[in-house]
Structure formats: structure tokens, C-alpha cells
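Those protein sequences? They're chains A and B, same order as listed.
The first sequence: position 419 = 402 (my numbering), numbered continuously.
Offset between the second sequence (1-based) and my numbering: plus 6.
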Amino acid sequence: MTTPLLSINGLTRTYPGVIANDSVSFDIQEGEVHALLGENGAGKSTLVKMIYGLVKPDSGGMSLRGAPYAPANPSAARAAGVAMVFQHFSLFDALNVAENVALGMEAPPPMRRLAARIREVSETYGLPLDPARLTGDLSAGERQRVEIIRCLLQEPRLLIMDEPTSVLTPQEVDILFETLRKLTAEGVAILYISHKLEEIRALCDAATILRHGRNVGTCVPRETSARAMAEAMVGASFNAPRRAGQAAGAVALEVRGLSLSAPSAFGTALRDVSLTLLQGEILGIGGVAGNGQDEVLAALSGERLTDPDTIRLDGAPIGRLGPNARRALGLLAAPEERLGHAAAPDMSLTENALLSAATREGLTRHGFIRWGAARAFATRVIADFDVRTPGPETAARSLSGGNLQKFVIGREVLQRPRVLVVNQPTWGVDAAAAAAIRQALLDLAAEGAAILCISQDLDELLEIADRFAALNEGRLSGARPTASLSLDEIGLMMGGAHDMEVAHV
Amino acid sequence: MLRLEKRPQPSRLWTFATPPLAVLITMIAGGALFAALGKDPAEAIATIFWQPLFGEFSFYYRPQLLIKAAPLILIAIGLSLGFRAGIWNIGAEGQYIMGALAGAGVALALYPLESRIVFPLMVLAGALGGWAWAMIPAMLKLRFGTNEILVSLMLVYVAEQLLAAMALGPMRNPDGRGFPGSRNLRQYESAHNGELIPGTGMHWGVAAALIAVILAYVLLSRHSLGFHIRLAGQAPRAARFAGVRPGRLVVFCLGTAGALAGLAGMFEVAGPAGQVSIDFNVGYGFTAIIVAFLGRLHPVGIALAGLLMALTYIGGEMAQSTMGLPAAAIQLFQGMLLFFLLAVDLLTNFRLRVRLREAA
């Protein structure tokens, strides 16, 4: 057997009260795509940060091509040939592509040479990108290309990618995979973090599964079922959401010709959006991030107002009603951004329960807050949705993302909505919690509520939605029954490949 | 090496412990400052903090404490509502002046009518005067999106000019032999805001400050408007999601702050100051900003901070006259208080750790 590119031996890292990584060992071979699997909090990020020099291990070590490897900081890691594409892009909207790339380099060449290099690399790997374009105008997929090209310019031996496909259309995913395969053919190894198991089965040569900071097994993804991998991650079997097939009822929510200007310079304007939502059905809205998802939610929740007749709830015009008037009528919403939009980070869960449930749960009387009732409601959400927290007085920001998401969804579901609008209901949530949230949405629909589920996770929409529509640059496609759709058709509805092309292999 | 670590949630202990700690550090740094000026630091600190309360002449200074603290607290309570909501009214000094002018204007217009209706009318006019002045930045912000910090601050200087014009012109005492300044309202019984209990300094302004503290406490902890104010300050997007209308909050917070500052000005002009004069305003509106933050924007904290600030004012004056400390040193001392408070505030949200080895 040849020397592995990167060998990880007994890496351990503890934080106060938590063992993030408990003597994790595995090898990454040259030219291999190696998946790192695990639930949120399983220790994937800590491990990756140690490889990238952001965090130092308490014990254990690594070797790169047989030589000891202990990067003191990311630039040392980059010098050794390790590069990373983060899940959240670190780009400046107001700078152009080349300037953003230069910011991430140790010694950037003159701008003209750099622009030429960017063109060259982007053509070689099938990632077309104009160095002179303003980053704020790029789509999410194009922004990712900026990050990838920034890494490729350093000619890395190991490329770490954290959830790279969460912002891409299926076609863009295919093209990304072509690029990655071309890289591996050149001997570059890729450490690939993703929650999407089918994707890992298609792309990866090996997988390491982490649970509670420990390496609980390795597998060859092509030969393992997605379900088996999911169960290895969770450490138990769990029930996939099941829906009770049932006929949809009368029209609950109707949107006709909704057009809204962009709320900010880098927001998206809505153009003539129309949709009909029936009682008892889940309508899924797919699309790449930044194509108007937030804006649709704001228009429906009442955060932005429209003409009265543009939005009708049970036939009544509600376009001019604010959020609480709409809540009183049974139209509830759960925004995507948990901290700062759906919940106030520094406030307790009790206060956050009051935030959206005051009207429907009668948590105020004559304007005065009934703290006892608010606490009781928060406690009920915590109990019914298995929110792991010391209690309702805990600050929202101290909950993990998945737990806070369960609280946010539970808060709306328990208010017995007639129509519920959710945006990214399981974003960054681990498999078991995501299954619980989807089940709650399906149950709610089975009871006759109408649900509009905006999501960038196509698997999620295919799993729970009865009909599917796609948002692309503020326009909404017509809705089609999910059962009859193929992934290719969905990709085309979402706006195709955003000018990507397959790598010139 | 020291390292900061973000706490999962704000520490309750430090929320209460930071103001006393800031006072302590201010005493130490202030003492060093006084020592550098060649004064005995212990004596200077004692003169500022001890003498007014328990010294030889405390019978004179103790009532002064309430008289100075009342306007500070009244103004700071109003400001704190806005500060909590992220609405930055820096122009309380101007609203204070306008309240005084409106209140005194009513009294001077009715002079020499002796009636029980005069004083309540003055209270109303004072509140309205401050409210109207605060509505200028509020309306400009709503209509044109102007920055309320700049507009409210600039209006202080406009108000000061108006004060001077009034003291020299329309409101000048006709029996004053041409001296600037209005009639003395202390000699106009119906308009005089005198001591309610002799020898305590307790006047209607003190009562109003106390009521404001209680109402603000109830508003912030029990009423949904108070909840919305806190929400808007902490998470503006979440506030809109909760159905808060930002424009209404701007009007409410600026309006309340203006009305309370106006009341403070009116009680001052009708009582301790007595007349409209060019140098009527002494900076209460600005000092109240320090008071609001020193009191952690909490009504009870503001009451305590107002008393503490009044103490440094009175003690500072004593230190000036008995020890010959320069006035600037006293102002620096007060400034340090805010500076150190903001600095130690970090401990509420962060934990200080000693870095043992080179780890990130």
C-alpha cells in the first residue's frame, strides 16, 4: 500500500464540557474523494478545522505524505497544500471577483496577471467566471466558483469542501462533480462534507462516519445504502417521514400577480408571482438561494405589504394586513434565518414564544403580557418537539441550530395554523431532527392545514411536497405534481445550470 | 496571555456587578489623575463621594442630591426606552430647554393670575414642548430617513439660541431694569415648584422621576409595548416578524423621551433655577446619556445611577472649591465612569480566560 496523502492519528480535541473529537484516526489517499459524515455536533467541523490549522489538537497528530504535519495556522496549511471551501462564503459584495480572490492570497500577483490566471483556471476546470464582475451580482453557485478558484490557484494537494452542494441546482451539482473528478484524476484528494447521502454515494470513494466525536466506522459509499449510512450516523434506526395519502380540499391561500421591489441592493425583486395553495396539501417551492425565497416569505407573513387583493386567505383579501392580523386569521410563518429573524438570539425561549404566539395563544391581555401563559406555551413547544435545552428561560442563541429550529417550527405548528409558510425548515438540522420536523409538517397537512414549504433541499421537497414549483430570479414557475417529476425537469424549472459548463476533460 | 470567550448566554451576575466595578475602577484611575495633579487622591475621592452625604455640611448637600438627580433620572428614563429600541436621541438637552421655555412661557403669560390651574398647565406645556421638539427628528426620520442622532443633536444648538433669544427678548422681566432673564418664578406662588417637604429637596420633579421609574419598569417587564421595544433593539428583523411597526416605535420612543426631558426642564425652571436665563441649561440632557447606560438602561439602575451622578456633580463642586481641583478634572472623572463601564461591560457577554499554552 502506498503512503496516504494525509494520515490522521488519534486526534483529540476537547472544549469545556464537550469532547469534540475523541482520538479520531483515518487516512486520505491521493486522488480520492473522501466523505466525512455525521450529524450536527458530531465533530466534523472541529476535525476539519484541525486539518486546516484553525484549531490545534489536544493530542494526536497528522502526517502529510509521511512527514509530520501540524499547521500552526491556515496559511501554514495552505503552504503545505491544504485548501478549504467554506460552507458560508467569505466574499465582499462590493468588490469584483479578482479583488475577492486576491484578498484570500498570501502574495497576490498584479491584478491583470491574476485576472488572466483566473480565466485560465476557470476554463481548465469548467467553472466559467468573469474576473471583473461584481461579487454582489453573482448567484450562489457563481460565488462558490469564486471560492473554489481561489483554492485552485494555490494548487492544493487536499481540498476540503464543507456542504458544497447546498446552494446548487442539480445541473450545477453535476458540473461541480465533473470538476471534482477532474481534480482527483490529477491526484488531488478531496475531503467532502455533506448531509446528502445520495450525493456521497455518487461521488465519494470512501467515507468516515463520526458520532459524538468518535470515528464509528468507515464504508465504501457506492456499496452502502443511504439508509445504512444515516443509521450509522445517528446510531439508531429512525422512521422516515410517512404521509397519509389524502385528497386536497378547498383553496386556502391564493396569490395573484405578486410583484415587489427588492428590499435592498442585493435582494431580489418578485415578479408576478402567482400560486394557489389547497387545504391539506404541501406545496414545495424549490430554487437556489437568493432567488426570492426570503421575499416570498416576507410578503406572505405580512412583513411586507401588498395590494389587498394580491393575497387572499380563504377568499378574503389580506394583502394590507400586518403579521399579527394575519396570524389572527390563521396564516403563520417560520422564516429561514433562525437567529435574528425567527428568534431573538439574546432573549429566552419564553420571550421567543411570545414573539410570534402572542396573538393566537392569548399570551397578552389588554397589552399586558401573561408571562405564566407564555412560559407554559414555551414549555409545551419544548416538550412536544423534543427541544434539548435546560428550560424555557435559556437564551435562544445557546441552543444548537437543530434544537432552535425545532423550537421555531414547533412554535408555529402548535398554534394550529390554517396556512403555514416555512422557509428552509430543516436547514442545518441533523437527520433525526429533520425527519421529526418533516413528520410534523405532514401531520399538520393531514389535519387539513395548507403548507407552503420553501426549501433548497430538493430531496426534502420530493419527500413531503404534493406539488412542486420553482423560484428563479423572483419568478415562480407553475406548480406540478411532485410524483410525476424527474430531477432533470426540476433542475430546468429551477433555472438550469446558470451558465455552467462541463469541465473540459 | 488573556483570551476572551463568548458566553453561551449573558451572565446575570456580571450584569449587576459591572456598574459597581466600573465605579471602583473610576475611583482608582481618578485617584491617579488627582495624584498626578498634585492633590491627595484619597482626600479627593472622599470629598467627592463622602463629604456631600456624611460630611460637615451634609445638611445642605443632601437635598441638593435629589434636586440634581431628579432631572437626570427623568431624562435618562426617557432616553433608555429609545436606546433599548436602537433609537438614539442625543438631543435631550434641547428638549429639556424647550420644555422649560414652554412651561415658563405659560407661567409668564398668566402672570400675575394666582390659581391652582397654573401649575398643571405648566406641566402640560412643559411635556408638550419637549415632545414637539423631539417630534422634529422623529418625523424627519420617518419621512426622509434622516439620522436621528445628528438631527436631535443639532436641534440642541437651535434650542440654545432660542433660549438666549427668549431670555433677552420676549420673556425678559419687564421689571428687571434691562437685565437678561425672565421674572423669577419662585416669587410667583402659583407657578413655583417648591419643596413638598421642607429641607429634603423633594419637589414635584422628584415625584415625577419616581413615577417615571415605576411606569418604565412596568412597561418594560410587563407590557407588550416594552417587549417590542426590547425586541426591536436586539433583533430588528425579528421585531418586524413579530408585527412591530418600526415607525410607531420611533414616534413613541422619541416622543416619550422628549416629553420627559421637557418635564424635567419645566420643573427645573419653575423651581431650582427659577427663571429663564441664557445659562439655564447645564448639560443634564447629555449627562443623562451616561446615567442611562450606567444604569444598564434598567429603570431601577437608572434611579441609582442618577443619584450617583448627582453625587459626583455635588462632590465635584466641593472638590473644586475646597481642594482647588480644576473643573475639567471633574468632567474627566465623570467621563471615565462611562468609559470604564463600557469596557467592563464586555464581561457580561464574554469570559476572560488565561491562555496557558499556544492554542487557538
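Cβ atoms here follow ideal geometry from the backbone N, Cα and C, with glycine treated the same way.
Keep in mind the model is a prediction, meaning the values are calculated, not measured.
Quiz item: Of the residues A/T(-3), A/I2, A/S8, which one's Cα is nearest the Cα of A/L(-11)?
Solution: Here residue -11 of chain A corresponds to residue number 6 of the first sequence, with the count starting at 1. Looking at the Cα atoms, A/S8 is the closest of the given residues.
> Looking at B/G88 and B/W94, is the spacing between their C-beta atoms short of 8 angstroms?
Replying inline: For the purposes of this step, residue 94 of chain B is identified with residue 88 of the second sequence, where counting begins at 1. For the purposes of this step, residue 88 of chain B is identified with residue 82 of the second sequence, where counting begins at 1. Their beta carbons are under 8 angstroms apart, which means B/W94 touches B/G88 by this criterion.
* alpha helix (DSSP H) containing A/F160: first to last residue? -> Within the first sequence, numbered from 1, the residue matching residue 160 of chain A stands at position 177. Its alpha helix (DSSP H) spans residues 153 to 168.
| Per DSSP, which one or two residues make a beta bridge with A/V256? | Mapped onto the first sequence, residue 256 of chain A falls at position 273. Paired residues: A/L241.
- Task: Give the interface partners of B/H229 over in chain A, defined as CB-CB distance under 7 angstroms, in chain order.
- Result: Within the second sequence, residue 229 of chain B is the residue found at index 223, counting from 1. Per Cβ cutoff of 7 angstroms: G350, F351, I352.
* Can you name, in chain order, every residue of its own chain whose Cβ lies under 6 angstroms from the Cβ of A/Q439, other than the five neighbours on each side? -> For the purposes of this step, residue 439 of chain A is identified with residue 456 of the first sequence, where counting begins at 1. Taken in chain order, the residues that qualify are A272.
message: Between which two residues does the beta strand (DSSP E) holding A/C436 run?
response: Here residue 436 of chain A refers to the residue found at position 453 of the first sequence. Run containing A/C436: 433 to 437, per the beta strand (DSSP E) assignment.
In the DSSP assignment, the alpha helix (DSSP H) including A/D442 goes from what residue to what residue? Position 459 of the first sequence, counted from the start, is the residue given in the question as residue 442 of chain A. It spans 441 to 447 - the alpha helix (DSSP H) in which A/D442 sits, taken as one unbroken run.
**Item:** Where the beta strand (DSSP E) containing A/Y52 begins and where it ends
**Value:** As a position in the first sequence, residue 52 of chain A is number 69, starting the count at 1. That run of the beta strand (DSSP E) goes 50 to 52.
Within 10 Å of its beta-carbon, does A/Q388 have 16 or more other beta-carbons around it, so buried, or fewer, so exposed? On the first sequence, residue 388 of chain A is found 405 positions in, with the first residue counted as 1. Classification for A/Q388: buried.
**Asked** When the distance is taken between beta carbons, is A/A25 closer than 8 angstroms to A/H178?
**Response** Counting from one through the first sequence, the residue named residue 178 of chain A turns up at place 195. Counting from one through the first sequence, the residue named residue 25 of chain A turns up at place 42. No; because the gap between Cβ atoms is not below 8 angstroms, this pair is not in contact.
- Query: Is it a yes or a no for the region 403 to 420 of chain A touching the region 350 to 366 of chain A, going by three-plus beta-carbon pairs under 8 angstroms?
  - Reply: no
*From A/D5, A/I2, A/L135, residue whose alpha carbon lies closest to that of A/V65*: Counted from its first residue, the first sequence places residue 65 of chain A at position 82. Selected option, being the one with the closest Cα: A/L135.
Output yes or no for whether 8 angstroms exceeds the beta carbon distance between B/V219 and B/I31.
-> Locating residue 219 of chain B in the second sequence gives position 213, where the first residue counts as 1. Locating residue 31 of chain B in the second sequence gives position 25, where the first residue counts as 1. Cβ atoms of B/V219 and B/I31: not closer than 8 angstroms.
message: I'd like the list of long-range same chain contacts for A/L37, defined as Cβ closer than 7 angstroms, with 5 residues on each side in sequence excluded.
response: Position 54 of the first sequence, counted from the first residue, corresponds to residue 37 of chain A. Within the same chain, A/L37 has close Cβ partners P57.
Identify the continuous beta strand (DSSP E) that holds B/D46 and give its terminal residues.
Translated into the one-based positions of the second sequence, residue 46 of chain B becomes position 40. Taken as a continuous stretch (DSSP letters only), B/D46 belongs to no beta strand (DSSP E), as it is neither H nor E.
| message | Could you check whether the Cβ of B/Q240 sits closer than 8 angstroms to any Cβ belonging to chain A? | response | Your numbering for residue 240 of chain B matches position 234 in the second sequence. Yes, its Cβ sits closer than 8 angstroms to a Cβ of chain A.
- Residues of the region 62 to 77 of chain A with Cβ closer than 7 angstroms to any Cβ of chain D, in chain order: Of the chains in the structure shown, none is chain D; the protein chains are A and B.
- Is the Cβ-Cβ distance between A/L338 and B/L237 less than 8 angstroms? On the first sequence, residue 338 of chain A is found 355 positions in, with the first residue counted as 1. On the second sequence, residue 237 of chain B is found 231 positions in, with the first residue counted as 1. Contact flag set, yes.
- Query: With a Cβ-Cβ cutoff of 8 angstroms, do B/M172 and B/A276 count as a contact?
  - Reply: Numbered from its first residue, the second sequence carries residue 172 of chain B at position 166. Numbered from its first residue, the second sequence carries residue 276 of chain B at position 270. No, they are not a contact pair.
Q.
8 angstroms is my cut-off, CB to CB: does B/G132 come that close to chain A?
A. Counted from its first residue, the second sequence places residue 132 of chain B at position 126. For B/G132, the answer is no, since every Cβ of chain A falls outside 8 angstroms of its Cβ.
task: Specify the secondary structure class of A/A361 as computed by DSSP and reduced to three states.
output: One-based indexing of the first sequence puts residue 361 of chain A at position 378. Three-state DSSP puts A/A361 in a helix.
For this session: Provide the residue(s) that pair with A/V271 in DSSP beta bridges, ordered along the chain.
Result: Position 288 of the first sequence, counting from 1, holds the residue named residue 271 of chain A. Its beta-bridge partners do not exist; DSSP assigns none.
Evaluate the contact criterion for the region 311 to 327 of chain A versus the region 373 to 392 of chain A: three or more CB pairs, one atom per stretch, below 8 angstroms.
-> yes
query: Over what stretch of residues does the beta strand (DSSP E) that includes A/N(-8) continue unbroken?
result: Taking the first sequence and counting its residues from 1, the one referred to as residue -8 of chain A is at position 9. Residues -11 to -2.
Q. Who are the near neighbours of A/V488 in its chain, counting only those whose CB is closer than 6 angstroms to its CB and skipping five residues on each side?
A. Counting from 1 along the first sequence, the entry for residue 488 of chain A is found at position 505. Low per-residue confidence applies at A/V488: pLDDT is 39, beneath 50, and the placement is therefore not dependable, though the value from the model is reported in the following sentence. Only K165 meet the Cβ criterion.
Could you check the C-alpha separation between A/L424 and A/L260 for me, to the nearest Å?
In the first sequence, counting from the first residue as 1, residue 424 of chain A sits at position 441. In the first sequence, counting from the first residue as 1, residue 260 of chain A sits at position 277. A straight line joining the alpha-carbon of A/L424 with that of A/L260 spans about 15 angstroms.
Query raised in the report: If we call anything under 8 angstroms between Cβ atoms a contact, is B/L80 one with B/A215?
Result: One-based indexing of the second sequence puts residue 80 of chain B at position 74. One-based indexing of the second sequence puts residue 215 of chain B at position 209. In this structure, B/A215 lies closer than 8 angstroms to B/L80 by Cβ.
* To do: Taking A/P373 as the reference, give the member of B/P14, B/L10, B/L8 with the closest Cα.
  => As a working note, residue 373 of chain A is residue 390 in the first sequence. Out of B/P14, B/L10, B/L8, B/P14 has the C-alpha closest to the C-alpha of A/P373.
ask   = Should the region 145 to 161 of chain B be called in touch with the region 284 to 298 of chain B, which here means at least 3 C-beta pairs below 8 angstroms?
value = Counting C-beta pairs with one atom in each stretch, the region 145 to 161 of chain B and the region 284 to 298 of chain B have fewer than three that are closer than 8 angstroms, which means they do not touch.
Problem - A/D471 (DSSP reduced to helix, strand or coil) - result: Looking up residue 471 of chain A in the first sequence gives position 488. In the structure shown, A/D471 sits in a helix (DSSP, three-state: H, G or I).
For B/V250, name the three-state secondary structure that DSSP assigns.
Counted from its first residue, the second sequence places residue 250 of chain B at position 244. Residue state, collapsed to three classes: coil.
Which residues in the same chain as B/L146 place their Cβ atom closer than 6 angstroms to its Cβ, once the five residues preceding and following it in sequence are excluded?
-> By 1-based counting over the second sequence, the position of residue 146 of chain B is 140. Excluding positions up to five away in sequence, the list reads T152, V157.
Could one say the Cβ of A/N307 lies closer than 8 angstroms to chain B's Cβ atoms, at least one of them? As a first step, residue 307 of chain A is located in the first sequence; it is residue number 324 there, counting from the start. Judged by the 8 angstroms Cβ criterion, A/N307 is in contact with chain B.
Exercise for review: Check distances from the C-beta atoms of the region 7 to 36 of chain B to those of chain A and list, in chain order, the residues that come in under 9 angstroms.
Suggested key: So the close ones are E11, R13, P14, Q15, P16.
- Task: Anything in chain B within Cβ reach of A/T347, meaning under 7 angstroms, just list it in chain order.
- Result: Numbered from its first residue, the first sequence carries residue 347 of chain A at position 364. Here the neighbours are S230.
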